[in-house]
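This report refers to the structure that appears directly beneath it.
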Amino acid sequence: MQKTGLDDIQFDASSLYREDQYTDMKVGTIRVLTPVDAEGKTDPNRSAIYVGQTEIMSNMGMLPISGKIDAANLSEAIQKFPETIKKALEEMVERMQQMQREQASRIVTPDELGGGGKVIPGAFGGQPGGSGNLIL
Numbered sequence: 030m031q032k033t034g035l036d037d038i039q040f041d042a043s044s045l046y047r048e049d050q051y052t053d054m055k056v057g058t059i060r061v062l063t064p065v066d067a068e069g070k071t072d073p074n075r076s077a078i079y080v081g082q083t084e085i086m087s088n089m090g091m092l093p094i095s096g097k098i099d100a101a102n103l104s105e106a107i108q109k110f111p112e113t114i115k116k117a118l119e120e121m122v123e124r125m126q127q128m129q130r131e132q133a134s135r136i137v138t139p140d141e142l143g144g145g146g147k148v149i150p151g152a153f154g155g156q157p158g159g160s161g162n163l164i165l
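Quick note on my numbering: the sequence shown kicks off at 30 and runs consecutively.
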């Protein structure tokens with residue numbers, strides 16, 4: 030029988046979090062991940078994690094934007110929400126532009142064009158062995 034790796038799945042009881050969500054029903058959501066122990070009691074030795082989430086309309090439809098908010102409490106997370114989302118959006122745009130630059134500068138090989146890299150001599154009307162080859 031083939032191993033699937035499911036036998037090795039272990040739930041990490043030392044890094045449990047309770048998740049709460051807060052929304053203004055207009056702009057977005059703040060998720061609060063509160064650390065808890067295996068009994069479900071708040072773990073005072075670890076800090077809560079705040080994550081801001083929203084969606085923006087793009088020409089490709091709704092785009093989810095999220096970012097970790099550096100805050101000590103919910104009130105501070107609410108105040109820092111706009112700054113966090115703006116930064117997350119800027120980082121996403123930078124990553125997309127970098128990916129576009131990488132795609133534009135990459136060298137395309139015959140294998141990537143499909144057809145197994147077969148060259149058909151004279152496919153564009155040129156003579157066999159000439160420069161009018163079509164790569165399939």
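Positions of the beta carbon are idealized from the N, C-alpha and C atoms, including for glycine.
query	result
Using the beta-carbon count (16 or more within 10 Å), is Ile85 buried or exposed?	exposed
What are the complete alpha helix (DSSP H) segments, minimum 4 residues, inside the segment 88 to 148?	103 to 134
Could you give the distance in angstroms between the alpha-carbon of Asp53 and the alpha-carbon of Asp66?	30 Å
I believe Val63 touches Ala77 by the beta-carbon criterion, under 8 Å. Please report the beta-carbon distance rounded to the nearest angstrom.	In the sequence on display, residue 63 carries Thr and not Val. Between Ala77 and Thr63 the Cβ distance is about 5 Å, and since that is below 8 Å, they are a contact.
Do you know whose CA, among Phe110, Glu119 and Pro139, lies nearest Gln82's CA?	Phe110
Where Glu131 and Asn74 are concerned, what is the direct C-alpha to C-alpha distance, given to the nearest angstrom?	44 Å
If I measure Cβ to Cβ from Val56 and keep anything under 8 Å in the same chain, skipping five residues before and after, which residues do I get?	Thr83 and Phe110
May I have the straight-line CA-CA distance separating Ala100 from Thr113, to the nearest angstrom?	11 Å
Which value, in whole angstroms, describes the spacing of the CA atoms of Met121 and Gln129?	12 Å
What residue range is occupied by the uninterrupted beta strand (DSSP E) comprising Glu48?	Leu45 to Thr52
CB Leu118 to CB Ile98, shorter than 7 Å?	no
Hey, how far is the Cα of Gly90 from the Cα of Glu68?	42 Å
How would you label Ile136, buried or exposed, when you count the other beta carbons within 10 angstroms and need 16 or more for buried?	exposed
Is it buried or exposed, Gly34, if we count other Cβ atoms within 10 angstroms and call 16 or more buried?	exposed
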